[in-house]
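One structure below.
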Amino acid sequence: MAQKDFPGWHGTTIIGVKKGDQVVIAGDGQVSLGQTVIKGSARKVRRLKPGGHEIIAGFAGSTADAFTLLELLEAKLEASPGQLARACVELAKDWRTDKLLRRLEAMLIVSDGTGLYVVTGAGDVLEPEHDVTAIGSGGNYALAAARALMESDKSAEEIARISMAIAADICVYTNGNLTVETISK
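Numbered per UniProt numbering, the sequence shown spans residues 1 to 185.
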């Protein structure tokens, strides 16, 4: 089977919610190959401690590519401790301009409890306007649900969990097997 005929890998919905002094990143566990679910319990949300500063990160896309990006982000954070925005911008610059990195296919949502950022291979570092962001196959469904819940009295974690459940009900590439990481200011 030629590479162009290989069925696409699909899966993943990652959401980041910032409310009050809490930031939550949640992700589902589904990985699909074509029309087949090949794993339902993948862990796509991680807690990292580069240079002793804690961050949480979720990724959508190729796992190997995402791990490469997370390692690079950790290196950037060790070079500029406590400056997540700067580290994200430096990562995005390298990702966009380096010949090898440019081929990496993944997206990241990261937070240090203060900032919440989406980092893409197009060189984007986006801070969401409404303190909520989502990526992946069911990202738009989770984002819409979370935006609707932001004015409620629900916590960031409750909003993330409800939004992910709604995305799992709508998107065939998203399941309800969640990994949830929380960080506070």
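Quick reminder that beta carbons are idealized off the backbone N, C-alpha and C, glycines included.
- Message: Quick check for students: name the residue ranges of the beta strand (DSSP E) that lie wholly in the segment 96-142, counting only runs of 3 or more.
- Response: Secondary structure within the segment 96-142: the beta strand (DSSP E) runs of 3 or more consecutive residues, fully enclosed, are 106-111, 116-119 and 132-136 (chain order).
- Message: Taking its Cβ as the centre, do 16 or more other Cβ atoms sit within 10 Å of residue 59, making it buried, or is it exposed?
- Response: buried
- Item | Validate contact between the segment 93-104 and the segment 130-137 using beta carbons, cut 8 Å, 3 pairs | In short, these stretches do not touch, since the Cβ pair count stays below three.
- Run the CB neighbour count on residue 121, radius 10 Å, all protein chains shown included, and call it buried at 16 or more, exposed below. buried
- Item | Own chain, CB closer than 6 Å to residue 47, minus 5 neighbours either side, in chain order | 56 and 181
- With 16 other CB atoms within 10 Å as the buried threshold, where does residue 103 fall? exposed
- Cβ-based neighbour list, residue 156, same chain, cut-off 8 Å, excluding 5 preceding and 5 following: 17, 18, 19, 20, 22, 23, 24 and 182
- Could I get the ranges of all uninterrupted alpha helix (DSSP H) runs contained in the segment 19-103, with 4 residues as the minimum, in chain order? 63-79 and 84-97
- Item | Per-residue burial, residue 152 [other beta carbons within 10 Å of its own, 16 or more giving buried] | exposed
- Query: Nearest to residue 124 by alpha carbon, out of 184, 138 and 108?
  - Reply: 108
- residue 158: first and last residue of the uninterrupted alpha helix (DSSP H) it sits in: 156-170
- Query: In chain order, what residues of the same chain lie with their CB nearer than 6 Å to the CB of residue 65, ignoring the 5 residues before and after it?
  - Reply: 104, 105 and 106
- Message: Determine whether the beta carbon atoms of residue 38 and residue 164 lie at a separation below 8 Å.
- Response: Contact: no.
- Task: Consult DSSP for residue 16 and reduce its assignment to one of helix, strand or coil.
- Result: strand
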